[in-house]
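Taken in order, the sequence shown gives residues 1381 to 1524; the numbers are from my numbering. Built from N, CA and C at the ideal position, the CB exists for glycine as well.
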Amino acid sequence: MELKFIKTSPTENMTLLIETPVPREQQLSVAQRLISYGSVYGEQAGYIEAPQSPPAAKRLQMMAGEFCGNATLSLAAWLAKEAELSVGETRAYLLEVSGAAGLVRCEITKGETDFFGKVAMPLPKSVGERSFALDGEQMELATV
């Protein structure tokens, strides 16, 4: 399978945005192979899809259905690059993003060599504590 993708590094969090349509049931396994050290390498991957909601510019479907703020900003920056924003110009985008209940608003400003962005982060679905064992030691950690 040949894939067209964009590799970004928002806040040094290597992200792959895959443009080639991949059926949902295959997305996780395809992304896992793509992000591996022996391949292109990335910390996460998401798929750029057509949105279902008319006001949304695009949909970002993360490889495991989660929400990712850095990948969301990366997609908005890619849209701004495609729109050929001038240096200093700001544009707002509404995006559908996996793991978010509603549309996510991003603002992107074109810099001299990069983009600066803001994203309206959705609230987590739940926050709690969970017990984990590491090297025989039990720890209570927050989960989001």
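Contact under 7 angstroms by Cβ, residue i with residue j
| i | j | result |
| --- | --- | --- |
| Val1477 | Thr1493 | no |
| Ile1386 | Leu1397 | yes |
| Pro1435 | Leu1465 | no |
| Phe1495 | Ala1437 | no |
| Lys1429 | Arg1439 | A small fix is needed here, since residue 1429 is Glu in this sequence, not Lys. Cβ distance < 7 angstroms, so Glu1429 and Arg1439 count as in contact. |
| Gly1449 | Val1499 | yes |
| Ala1411 | Met1443 | yes |
| Gly1497 | Ile1488 | yes |
Helix, strand or coil at residue i [DSSP, three-state]
| i | result |
| --- | --- |
| Ala1513 | strand |
| Lys1505 | coil |
| Lys1387 | strand |
| Ala1480 | coil |
| Ala1451 | helix |
| Leu1343 | Outside the shown range of the chain, which is 1381 to 1524, sits residue 1343, and nothing can be said about it. |
| Ala1456 | helix |
Start-to-end residues for the alpha helix (DSSP H) that takes in residue i
| i | result |
| --- | --- |
| Gln1406 | Arg1404 to Ile1415 |
Residues that residue i bridges to, as DSSP identifies them
| i | result |
| --- | --- |
| Ala1498 | At residue 1498 the sequence reads Lys, which differs from the Ala that was named. Lys1498 is bridged to Glu1487. |
| Leu1397 | Ile1386 and Gly1426 |
| Glu1520 | Ser1511 |
Rounded C-alpha distance that separates residue i from residue j
| i | j | result |
| --- | --- | --- |
| Thr1395 | Arg1404 | 19 angstroms |
| Pro1390 | Ala1513 | 32 angstroms |
| Gly1422 | Glu1392 | 10 angstroms |
| Val1467 | Leu1459 | 15 angstroms |
| Gln1407 | Gly1479 | 15 angstroms |
| Thr1470 | Arg1485 | 13 angstroms |
Bounding residues of the beta strand (DSSP E) (the contiguous stretch that carries residue i)
| i | result |
| --- | --- |
| Gln1432 | No beta strand (DSSP E) holds Gln1432; DSSP gives it neither H nor E. |
Minimum Cβ-Cβ distance from residue i to chain B less than 7 angstroms
| i | result |
| --- | --- |
| Glu1492 | Although the question refers to chain B, the structure presented lacks it and comprises just one protein chain. |
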